[in-house]
Amino acid sequence: MSPVVVICHGIPGSKPVQGERGYVPLAEELANKGFVCVVFNFSGCGESSGNIDLNVWDKDLRTVYDFVSELPGADNTEINIIGFSAGGAAAVKFITSEKNNIKSLMLLATPADLSQIIPDDAGLMIRHFRELGLIKDTDFPQDINKWYKGYSSLKAENLIRWMPQGSSVCIVHGDEDTVVPVSHAERIYQAAPNPKKLIILEGAPHQLRKDDRVAGIIIEWLREQKT
Numbered sequence: 001m002s003p004v005v006v007i008c009h010g011i012p013g014s015k016p017v018q019g020e021r022g023y024v025p026l027a028e029e030l031a032n033k034g035f036v037c038v039v040f041n042f043s044g045c046g047e048s049s050g051n052i053d054l055n056v057w058d059k060d061l062r063t064v065y066d067f068v069s070e071l072p073g074a075d076n077t078e079i080n081i082i083g084f085s086a087g088g089a090a091a092v093k094f095i096t097s098e099k100n101n102i103k104s105l106m107l108l109a110t111p112a113d114l115s116q117i118i119p120d121d122a123g124l125m126i127r128h129f130r131e132l133g134l135i136k137d138t139d140f141p142q143d144i145n146k147w148y149k150g151y152s153s154l155k156a157e158n159l160i161r162w163m164p165q166g167s168s169v170c171i172v173h174g175d176e177d178t179v180v181p182v183s184h185a186e187r188i189y190q191a192a193p194n195p196k197k198l199i200i201l202e203g204a205p206h207q208l209r210k211d212d213r214v215a216g217i218i219i220e221w222l223r224e225q226k227t
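Mapping to this note's numbering: the sequence shown position 73 is 73, numbers consecutive.
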């Protein structure tokens, strides 16, 4: 039986680029190290149907969790989640809001409070997401305030206090992140219960999946969870 790793992406910042493989190379590297690795798209993103809506991202993750828990050869007592940016915040919401069996959580470039990162204009966000193809339906969202609250109320630094006992947390952040300031990592770390770990990457910007050091850091962290 092999430990499981679920990779959660963040909010796409641009349209897909032809030939860009996203998180697949990271997943392949983890698979080569003996992990069962799952990459998926949240609603509205990538090849997933629907429209981008952070109100349902934790439910998307529940669906993936249920799927990997039944995978042949997967150890459902060793499920680890790797969350990037807002995907990390959604992972914290999932882990702390309902019963599950998560061995560890790693947060990379994750905002402590998403309301401090997003525009305060819901209409501006909707137009931007339409341009990126993340909102496809002309009548979406039907309730703009509820949709926007899915973003503005997502506060990882508050939710992470309720991590299940025994689940480890690792927070990784670049000190040159101009999207989510490094202070957000420090705030999440201070709020998280033990066991926890904080890694600040010198010279790293927001998109940590593109940093050559990150795969090694993830692999080392996952190996620590097996001991």
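Heads up, the beta-carbon is just placed ideally off N, CA and C, and yes, glycines get one too.
Model, not experiment: these values are computed from the prediction.
| said: Residues in the same chain with beta-carbon distance under 6 Å from Val182, minus the five sequence neighbours each way, listed in chain order, please. | reply: Here residue 182 is taken as the residue at index 182 of the sequence shown, counted from 1. Counting only Cβ-Cβ distances below 6 Å, and skipping sequence neighbours, we find His173 and Asp175.
| request: Leaving aside the five residues before and after Pro193 along the sequence, list all residues of the same chain whose C-beta is less than 6 Å from its C-beta, in chain order. | output: Taking the first residue of the sequence shown as position 1, residue 193 is located at position 193. Same-chain partners within the cutoff: Met163.
| message | Which residue marks the beginning of the alpha helix (DSSP H) containing Asn145, and which one marks its end? | response | Here residue 145 is taken as the residue at index 145 of the sequence shown, counted from 1. Asn145 -> alpha helix (DSSP H) spans Ile144 to Ser152.
| message | So, does the region 38-50 touch the region 128-138, judging by three or more C-beta pairs under 8 Å? | response | yes
| query | Under the rule that 16 or more other beta-carbon atoms within 10 Å means buried, what is Met125, buried or exposed? | reply | Position 125 of the sequence shown holds residue 125. Burial call: buried.
| said: Restricting to Cα atoms, I'd like to know which of His206, Tyr65, Glu220 and Ala89 is closest to Asn101. | reply: Within the sequence shown, the letter at position 101 stands for residue 101. Of His206, Tyr65, Glu220 and Ala89, the residue nearest in Cα terms is Tyr65.
| said: Along the chain, where does the beta strand (DSSP E) containing His128 start, and where does it finish? | reply: Within the sequence shown, the letter at position 128 stands for residue 128. Unbroken run through His128 is the alpha helix (DSSP H), Ala122 to Leu132; no beta strand (DSSP E).
| said: Per the DSSP calculation, Ser85 is bridged to which residue(s)? | reply: As a working mapping, residue 85 is identified with position 85 in the sequence shown. According to DSSP, which records beta bridges pairwise, Ser85 is partnered with nothing at all.
| message | Considering Cα atoms alone, identify which of Gln190, Gly123, Lys155 and Tyr23 is closest to Asn145. | response | Start at 1 with the first residue of the sequence shown, and residue 145 comes out as number 145. Nearest of Gln190, Gly123, Lys155 and Tyr23 to Asn145, Cα basis: Gly123.
| query | Under 9 Å, do Lys155 and Asp113 count as touching if we go by C-beta distance? | reply | The residue given as residue 155 occupies position 155 in the sequence shown. The residue given as residue 113 occupies position 113 in the sequence shown. Going by C-beta atoms, Lys155 is nearer than 9 Å to Asp113.
| said: So if DSSP puts Lys196 in a beta bridge, which residue, or which two residues, is it bridged to? | reply: Position 196 of the sequence shown, counted from the start, is the residue given in the question as residue 196. Beta-bridge pairing links Lys196 to Val169.
| Where does the unbroken alpha helix (DSSP H) through Ile218 begin, and where does it stop? | Mapped onto the sequence shown, residue 218 falls at position 218. Looking at the DSSP string, the run of the alpha helix (DSSP H) that includes Ile218 is Val214 to Gln225.
| message | Taking the alpha-carbon of Gly13 as reference, which of His206, Gln225 and Lys149 has the nearest alpha-carbon? | response | Numbered from 1 along the sequence shown, position 13 holds the residue referred to as residue 13. Nearest of His206, Gln225 and Lys149 to Gly13, Cα basis: His206.
| Cβ pair Ile95, Ile82 closer than 9 Å | Numbered from 1 along the sequence shown, position 95 holds the residue referred to as residue 95. Numbered from 1 along the sequence shown, position 82 holds the residue referred to as residue 82. In this structure, Ile82 does not lie closer than 9 Å to Ile95 by Cβ.
| query | Are Tyr151 and Phe84 touching if we call contact CB-CB under 9 Å? | reply | Counting from 1 along the sequence shown, the entry for residue 151 is found at position 151. Counting from 1 along the sequence shown, the entry for residue 84 is found at position 84. Going by C-beta atoms, Tyr151 is not nearer than 9 Å to Phe84.
| Taking the alpha helix (DSSP H) that Val68 falls in, what are its first and last residues? | Here residue 68 refers to the residue found at position 68 when the sequence shown is read from its first residue. Residues Trp57 to Ser69.
| query | Would Leu159 pass as a contact of Val56 if the rule is Cβ separation under 9 Å? | reply | Position 159 of the sequence shown, counting from 1, holds the residue named residue 159. Position 56 of the sequence shown, counting from 1, holds the residue named residue 56. Contact: no.
| So, using beta-carbon positions, are Asp60 and Phe40 closer together than 9 Å? | Stepping through the sequence shown from its first residue, residue 60 is reached at position 60. Stepping through the sequence shown from its first residue, residue 40 is reached at position 40. In this structure, Phe40 lies closer than 9 Å to Asp60 by Cβ.
| field | Coarse secondary structure for Ile7, derived from DSSP in three states | value | Locating residue 7 in the sequence shown gives position 7, where the first residue counts as 1. Looking at Ile7 - three-state DSSP - the assignment turns out to be strand.
| Looking only at its own chain, which residues have a Cβ that is under 6 Å from the Cβ of Ser69, when we skip the five neighbours before and after it? | The residue labelled residue 69 in the question sits at position 69 within the sequence shown. The residues are Asn76.
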